[in-house]
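Student: Got a structure for you, written out below as structure tokens; questions coming shortly.
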Amino acid sequence: MSSLPTLCIAIAAALFIALSATMNALFLSSLGRTATEASILAVLSMAADVTKAVLPVVVVRAIVLRAWGQLAGASLMLGIVIALSLASGIGFAALTRGAATAARQADADVRSSAQLQLRDLDARLEQLPHGRTVGVLDVELARMMLDRHWTSSNSCVAVAGATVRQFCSEVLRLKSERAAANDRSALMMERSALSARLVGMSSSAGESDPQAAAVADVLGIDTLRLRRGLSVALAVTIELGSVILVLLLNGSALLRWRDPERPSEPSAVSLPHSKDVSQWHRRRSPARFTLNGSATDAR
19 MSSLPTLCIA IAAALFIALS ATMNALFLSS LGRTATEASI LAVLSMAADV
69 TKAVLPVVVV RAIVLRAWGQ LAGASLMLGI VIALSLASGI GFAALTRGAA
119 TAARQADADV RSSAQLQLRD LDARLEQLPH GRTVGVLDVE LARMMLDRHW
169 TSSNSCVAVA GATVRQFCSE VLRLKSERAA ANDRSALMME RSALSARLVG
219 MSSSAGESDP QAAAVADVLG IDTLRLRRGL SVALAVTIEL GSVILVLLLN
269 GSALLRWRDP ERPSEPSAVS LPHSKDVSQW HRRRSPARFT LNGSATDAR
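Each residue of the sequence shown is one higher than the one before, starting from 19 at the first, in my numbering.
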């Protein structure tokens, strides 16, 4: 395997292992009631993640070497730590997604409540009659109070005669119109403030989980079920990445592993291409040559 792909795989494996360890440690530490319990659970999670990163290599090595006892023990331990890590990862993903979803749901509830208030204000405005503004009516009432009938009737308290009665009726009508105009002005101000508040809200506040809603709409399934599936898929992806990338990183070494107790194969020795074969034998056996030489001298 070339150096660049190996480096990329090593970096990816380290990132996956670090992410898995961090996620699981954060989730398990949140289950502790005290700081000591949280620290113990965090260390336990990190130990499980380190074991999970090493055991796949041990399992493959045991298969290559046919060490069935080691394979059984390593496989059992690997299954336990993967189950623990996967459960912690799913819990972390669910908590994280749940917190984000709850925040968006709160924004959506606020927006929905504001829209409901806006519709209620529009309905109340429709019930009020359209008339002159408060300022115009105040001027009209001030003009009526300058009339002699206003003074003679003691501000329309003592109504005597048809003319005074008609005058006071007109004053009451103007006061009623002014009250309606005042209510309409207050409702319009409230509606303007509410509309500005709605404009300032995020347009995505309509969905608590936009991703799950969009994918569920495409697939035609329930949003809540898909939201759970996305949390599980995130945890499974991280766990598979931290295991498979370690195996890919050590793949070449795993293929070269052999039983260290197996004897090496004998290598063939090639005979020299010399015509003087007897001389070659004498060089191979110096002791025999010495004995033969001594025997010759003795003769």
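We put the beta carbon where it would ideally sit given N, CA and C, even for glycine.
From 205, 170, 198, pick the residue whose C-alpha is nearest to that of residue 137; which is it?
Tutor: For the purposes of this step, residue 137 is taken as residue 119 along the sequence shown, with counting starting at 1. Comparing Cα-Cα distances from residue 137 to each of 205, 170, 198, the minimum goes to 205.
Student: By the three-class DSSP mapping on this structure, what secondary structure does residue 219 have?
Tutor: Residue mapping note: residue 219 aligns to position 201 of the sequence shown, counting from 1. If DSSP states are grouped into helix, strand and coil, residue 219 belongs with coil.
Student: I'd like the list of long-range same chain contacts for residue 186, defined as Cβ closer than 8 Å, with 5 residues on each side in sequence excluded.
Tutor: Your numbering for residue 186 matches position 168 in the sequence shown. Once the five neighbours on either side are set aside, the close Cβ partners of residue 186 are 167, 171, 174, 177.
Student: Pick helix, strand or coil for residue 58, following the three-state DSSP scheme.
Tutor: As a first step, residue 58 must be located in the sequence shown, where it is residue number 40. Residue 58 falls in the helix class under three-state DSSP.
Student: Can you check which of these residues, 122, 201, 81, is closest to residue 140 by C-alpha distance?
Tutor: Walking along the sequence shown from the start, residue 140 turns up at place 122. Looking at the Cα atoms, 201 is the closest of the given residues.
Student: From residue 196 to residue 180, what distance separates their C-alpha atoms?
Tutor: To locate residue 196, count along the sequence shown from 1; it is residue 178. To locate residue 180, count along the sequence shown from 1; it is residue 162. Whole-angstrom Cα-Cα distance: 24 Å.
Student: Return helix, strand or coil for residue 186, following the three-state DSSP convention.
Tutor: For the purposes of this step, residue 186 is taken as the residue at position 168 of the sequence shown. In the structure shown, residue 186 sits in a helix (DSSP, three-state: H, G or I).
Student: Can you tell me whether residue 118 is helix, strand or coil according to DSSP?
Tutor: Mapped onto the sequence shown, residue 118 falls at position 100. Correct three-state label for residue 118: helix.
Student: Quick one: give me the first and last residue of the alpha helix (DSSP H) that residue 153 is part of.
Tutor: Reading the sequence shown from its first residue, position 135 is the one you call residue 153. Where residue 153 is concerned, the enclosing alpha helix (DSSP H) stretches over 152-163.
Student: State the CB to CB distance for the pair residue 208 and residue 107, rounded to an integer number of angstroms; the pair is presumed to be in contact (CB under 8 Å).
Tutor: Locating residue 208 in the sequence shown gives position 190, counting from the first residue. Locating residue 107 in the sequence shown gives position 89, counting from the first residue. Not a contact, Cβ separation roughly 49 Å.
Student: Can you list, in chain order, the residues of its chain whose CB lies under 7 Å from that of residue 147, leaving out five sequence neighbours each side?
Tutor: On the sequence shown, residue 147 is found 129 positions in, with the first residue counted as 1. If we look at residue 147 and ignore the five residues flanking it on each side, its Cβ neighbours are 198.
Student: With a threshold of 16 other CB atoms inside 10 Å of the CB of residue 238, please say whether the residue is buried or exposed.
Tutor: Here the question's residue 238 lines up with position 220 in the sequence shown. With fewer than 16 other Cβ atoms within 10 Å, it is exposed.
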